[in-house]
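The structure under discussion appears below in the form of structure tokens.
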Amino acid sequence: MANIIACSTARLVLYKLDASPPSNAVRMVGAILGLQFDYVEPDLFKTRAQSPEFKKMNPMCTIPVLKDGNLTVSESHAIIMYLLNKYGGEHKETLYPSDPATRAIVDQCLFFDVGVLFPRMRAVTQPTFTAKLDGPTKKNISDIEEGYSIVEAYLGHRAYVAADHLTIADISLGSTFSALLWIHPLDPNMFPKSAAWLSVCRQKATLRRSTRLASLFW
């Protein structure tokens, strides 16, 4: 049975797992926006096998999933965009700039996260959890280092991946990137810009609204 953790009288329901980088990215954006969630922590493997209700809610059977009234949104990047569009207030323009050129770079980084970086993490974690893999292979390590090198290139002469300030691209990529460090540590000599980027993100006041949550990211 799912473990439900109530957070006051919030009407936003977030299906999440603490070990899920996409879940943590949504939670961080929620913390910055001052939102409160009712958290539901499903047994994902059991849910996939036995819960038609969860499959109906999210056919991908992935975490996170957001329920806002009658609306259900799955996939973390879509959830983050929705939260900013509806509840972003004064933070929306900074976190998800409306300038077409800047937003294009933010979107580029988000698509890189969902299409390239996160799958390289999942290629290790998913078979490890199902006892089909003891640890990362040489190919896994090579792919992860290539991912690091792409982030390094994105940083260029900036402190952040998509703009001159923190955006949702940093939050989503940072969450995945931090999880990858547990699989293959970052060499700061090989990737100095990436190491500096993570350090800057750790120091951002917005990331300290919840010390416990910030620790999940950085």
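For what it's worth, UniProt numbering labels the leading residue of the sequence shown as 1, then goes sequentially.
All residues carry an ideal CB built from backbone N, CA and C; glycine is no exception.
What is the residue span of the alpha helix (DSSP H) that residue i lies within?
| i | result |
| --- | --- |
| V151 | K138 to L155 |
| V29 | P21 to L33 |
| D170 | I168 to I183 |
| Y82 | S76 to Y87 |
| E53 | P52 to M57 |
| F111 | P100 to F112 |
| residue 220 | Any property of residue 220 remains undetermined from this structure, which presents the chain solely from 1 to 218. |
| L95 | K92 to L95 |
Could you check if residue i is buried or exposed, using at least 16 other CB atoms within 10 Å of its CB as the buried criterion?
| i | result |
| --- | --- |
| G69 | exposed |
| R120 | buried |
| P59 | exposed |
| S142 | exposed |
| W182 | exposed |
| T176 | buried |
| R27 | buried |
| A169 | buried |
| F37 | buried |
| F18 | Note that residue 18 is Asp in the sequence shown here, rather than Phe. It counts as exposed. |
| L71 | exposed |
| T137 | exposed |
| P52 | exposed |
| G89 | exposed |
| S178 | buried |
| P188 | exposed |
| G135 | exposed |
| F111 | exposed |
| P100 | exposed |
| P192 | exposed |
| residue 243 | Outside the shown range of the chain (1 to 218) lies residue 243, about which nothing can therefore be said. |
If you follow the beta strand (DSSP E) that residue i is in, where does it begin and where does it stop?
| i | result |
| --- | --- |
| E41 | F37 to E41 |
If I'm right that residue i touches residue j with Cβ under 8 Å, what's the distance once you round it to whole angstroms?
| i | j | result |
| --- | --- | --- |
| H91 | L33 | 6 Å |
| P42 | Y82 | Between Y82 and P42 the Cβ distance is about 21 Å, and since that is not below 8 Å, they are no contact. |
| L12 | L66 | 7 Å |
| G147 | V116 | 6 Å |
| A25 | S172 | 5 Å |
| A162 | V106 | 4 Å |
| L180 | K204 | No, L180 and K204 are not in contact; Cβ-Cβ is about 20 Å, not under 8 Å. |
| N140 | V114 | At roughly 19 Å, the Cβ-Cβ gap does not stay under 8 Å, so N140 and V114 are not in contact. |
| I63 | V29 | Going by Cβ atoms, the distance from I63 to V29 rounds to 16 Å, so no, they are not a contact pair. |
| H184 | I150 | About 15 Å separates the two Cβ atoms, so there is no contact after all. |
| Y87 | L35 | 6 Å |
| A153 | W197 | With 8 Å as the limit, A153 and W197 do not qualify as a contact, their Cβ atoms being about 12 Å apart. |
Who pairs with residue i in a beta bridge, going by DSSP?
| i | result |
| --- | --- |
| D68 | L12 and L71 |
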